[in-house]
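Every number in this note's numbering is 7 more than the matching position in the sequence shown, counting from 1. What follows is one structure encoded as structure tokens, with my remarks underneath.
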Amino acid sequence: MPRITAPTVAEHRDQRRADLVAAGQELLVAEGPDAVTMTAVAARAGLSRTAVYEYFTSADELVAVVLGDQMVLWQAALRQRLHAAPPEAGDLDTAMRIYVEVAIGLVTDGNRSLLVLLTMQTLAEDVRQRLSAAHAAAVAPLAEALAQIGIRDVDQATKYVHAAIEAAARRITPGQDALAEIVAVADFTVAGVRALALTSSQS
Numbered sequence: 008m009p010r011i012t013a014p015t016v017a018e019h020r021d022q023r024r025a026d027l028v029a030a031g032q033e034l035l036v037a038e039g040p041d042a043v044t045m046t047a048v049a050a051r052a053g054l055s056r057t058a059v060y061e062y063f064t065s066a067d068e069l070v071a072v073v074l075g076d077q078m079v080l081w082q083a084a085l086r087q088r089l090h091a092a093p094p095e096a097g098d099l100d101t102a103m104r105i106y107v108e109v110a111i112g113l114v115t116d117g118n119r120s121l122l123v124l125l126t127m128q129t130l131a132e133d134v135r136q137r138l139s140a141a142h143a144a145a146v147a148p149l150a151e152a153l154a155q156i157g158i159r160d161v162d163q164a165t166k167y168v169h170a171a172i173e174a175a176a177r178r179i180t181p182g183q184d185a186l187a188e189i190v191a192v193a194d195f196t197v198a199g200v201r202a203l204a205l206t207s208s209q210s
């Protein structure tokens, strides 16, 4: 029986699970979703492969848990910003800047697995399905702003915006002031989606 390193068995199990989630997040950020295997997570967490299966049935489940935690942070941060200074209907510039600032702010604060959430296509289908509802809720403020300016294919536009945010976030090194990147990508995405809206109105 493994040595208990916490005051209670329940706390010990919680700590081990947290260690596995942390190991999964490190692998996800460093090497991508395909690197998150039960063997690799066990090795990084200093546990046996069998021990990982006590907490997760598959690597996909672990990835979903890691990203689910990031989704909660993303949604909470967006809600807080939008509640503090809600943009007016049709004010794409403000809505986009808030969206960009929150996403890049989370990444620069150490939540780099959010980058994976921005481009969900890199995830296994099972993981995407587990996260789809929460992901839709997180991007709802952006989707609403896009629809208000006449974008017909909101999903397409959202993917373009996320790709730009991901590229900007990856350019930022630890300790770097992110303001210049935030301003640049916000201006870029606003111009891009306005061009899409114009195309939509002409078709």
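Note that CB positions come from ideal geometry on N, CA and C, so glycine has one too.
Worksheet entry | Same chain, Cβ closer than 7 angstroms to valine 146, neighbours up to 5 away in sequence not counted | Along the sequence shown, one-based indexing puts residue 146 at 139. Same-chain partners within the cutoff: Thr165.
Item to complete: Could you check what DSSP says for glutamine 183 in three-state terms: helix, strand or coil?
Response: Taking the sequence shown and counting its residues from 1, the one referred to as residue 183 is at position 176. It is coil, neither helix nor strand.
Worksheet item: How about the segment 57-66 and the segment 96-110: do they share at least three Cβ pairs that are nearer than 8 angstroms?
Response: no
Worksheet item: Can you tell which of Thr15, Glu151, Tyr167 and Ala175 has the C-alpha that lies nearest to the C-alpha of glutamate 95?
Response: Within the sequence shown, the letter at position 88 stands for residue 95. Glutamate 95 has its Cα closest to that of Glu151, out of Thr15, Glu151, Tyr167 and Ala175.
Worksheet item: By Cβ distance below 7 angstroms, which residues in the same chain neighbour glycine 157 in space, the five residues on each side in sequence not counted?
Response: By one-based count along the sequence shown, residue 157 stands at place 150. Taken in chain order, the residues that qualify are Ala204, Ser207 and Ser208.
Item to complete: Please report how far the alpha carbon of aspartate 116 lies from the alpha carbon of threonine 180, in whole angstroms.
Response: Position 109 of the sequence shown holds residue 116. Position 173 of the sequence shown holds residue 180. C-alpha separation (whole angstroms): 11 angstroms.
Item to complete: Locate the alpha helix (DSSP H) running through aspartate 41, then write down its first and last residues.
Response: Here residue 41 refers to the residue found at position 34 when the sequence shown is read from its first residue. Segment: none, aspartate 41 is in no alpha helix (DSSP H) and carries neither H nor E.
Worksheet item: Which residues bound the alpha helix (DSSP H) around leucine 122?
Response: The count along the sequence shown starts at 1 and reaches residue 122 at position 115. Its alpha helix (DSSP H) spans residues 121-125.
Worksheet item: If you draw a straight line from the alpha carbon of glutamine 22 to that of alanine 144, how long is it in whole angstroms?
Response: Indexing the sequence shown from 1 puts residue 22 at position 15. Indexing the sequence shown from 1 puts residue 144 at position 137. Going from the Cα of glutamine 22 to the Cα of alanine 144 covers about 29 angstroms.
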